[in-house]
Amino acid sequence: MSMAESNRQRRLFPDAFKLEAVAAIRGGRSVSAVAAELGLPDRLVRAWLRWAEGRAAAGSGAPAPTLPTAQAAPARRVGPSPADQAAEIGRLRRELDRVRMERDILKQAALIFGQATGRR
Numbered sequence: 001m002s003m004a005e006s007n008r009q010r011r012l013f014p015d016a017f018k019l020e021a022v023a024a025i026r027g028g029r030s031v032s033a034v035a036a037e038l039g040l041p042d043r044l045v046r047a048w049l050r051w052a053e054g055r056a057a058a059g060s061g062a063p064a065p066t067l068p069t070a071q072a073a074p075a076r077r078v079g080p081s082p083a084d085q086a087a088e089i090g091r092l093r094r095e096l097d098r099v100r101m102e103r104d105i106l107k108q109a110a111l112i113f114g115q116a117t118g119r120r
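In the UniProt record's numbering, the protein residues as written are 1 to 120.
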């Protein structure tokens with residue numbers, strides 16, 4: 001095991017979070033799409049799907065499966081959706097355009113007033 005691997009922490013996810021991901025898959029979304037949205041490896045989400053299926057079978061007397069976890073970097077929050085990110089990027093671009101325009105106006109004003117007083 002390399003040094004980088006030994007410093008990794010296991011991320012733990014609540015059962016409700018796992019079941020939401022499984023519900024999205026059962027609702028028709030692909031494993032890859034759900035995993036990408038959550039920022040997780042496909043194999044982990046597939047393991048959750050198997051876990052949920054085993055959990056459903058546990059009612060029939062089968063032993064309950066152990067909960068899968070990810071072995072990865074320290075836990076991180078699931079970020080905003082791609083649509084929210086796109087909206088934020090658009091807002092920031094408009095703000096940047098406005099600030100650049102204000103800067104250019106102030107530069108021109110400084111040149112004009114500098115010429116009017118005889119200074120450059």
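Built from N, CA and C at the ideal position, the CB exists for glycine as well.
Which class does residue i belong to by DSSP, given the choice of helix, strand or coil?
{"i": "Pro63", "result": "The pLDDT assigned to Pro63 is 49, lower than 50, so where the model puts this residue is not dependable; a value taken from the coordinates is nonetheless given after this. If DSSP states are grouped into helix, strand and coil, Pro63 belongs with coil."}
{"i": "Arg10", "result": "strand"}
{"i": "Arg103", "result": "helix"}
{"i": "Gly39", "result": "coil"}
{"i": "Arg29", "result": "coil"}
{"i": "Pro80", "result": "coil"}
Rounded to whole angstroms, what's the CA-CA distance from residue i to residue j? Just pull it up for me.
{"i": "Glu95", "j": "Gly27", "result": "39 Å"}
{"i": "Lys18", "j": "Trp48", "result": "6 Å"}
{"i": "Ala86", "j": "Glu102", "result": "24 Å"}
{"i": "Ala116", "j": "Asp104", "result": "19 Å"}
{"i": "Gln9", "j": "Asp15", "result": "19 Å"}
{"i": "Gln108", "j": "Ala23", "result": "59 Å"}
{"i": "Pro80", "j": "Arg98", "result": "25 Å"}
{"i": "Asp42", "j": "Glu53", "result": "17 Å"}
{"i": "Arg93", "j": "Ala58", "result": "52 Å"}
{"i": "Ala72", "j": "Trp51", "result": "Only weak support is given to the placement of Ala72: the predicted model assigns it a pLDDT of 48, under 50, and the question is left unresolved by the model."}
Return the chain-ordered list of same chain residues with a C-beta closer than 6 Å to the C-beta of residue i, the five sequence neighbours on each side being excluded.
{"i": "Asp84", "result": "none"}
Output yes or no for whether 9 Å exceeds the beta carbon distance between residue i and residue j.
{"i": "Leu44", "j": "Ala35", "result": "yes"}
{"i": "Ala21", "j": "Leu38", "result": "yes"}
Excluding five sequence neighbours on each side, which residues of the same chain lie with their C-beta closer than 8 Å to the C-beta of residue i?
{"i": "Ile25", "result": "Val31, Val34, Val45, Leu49"}
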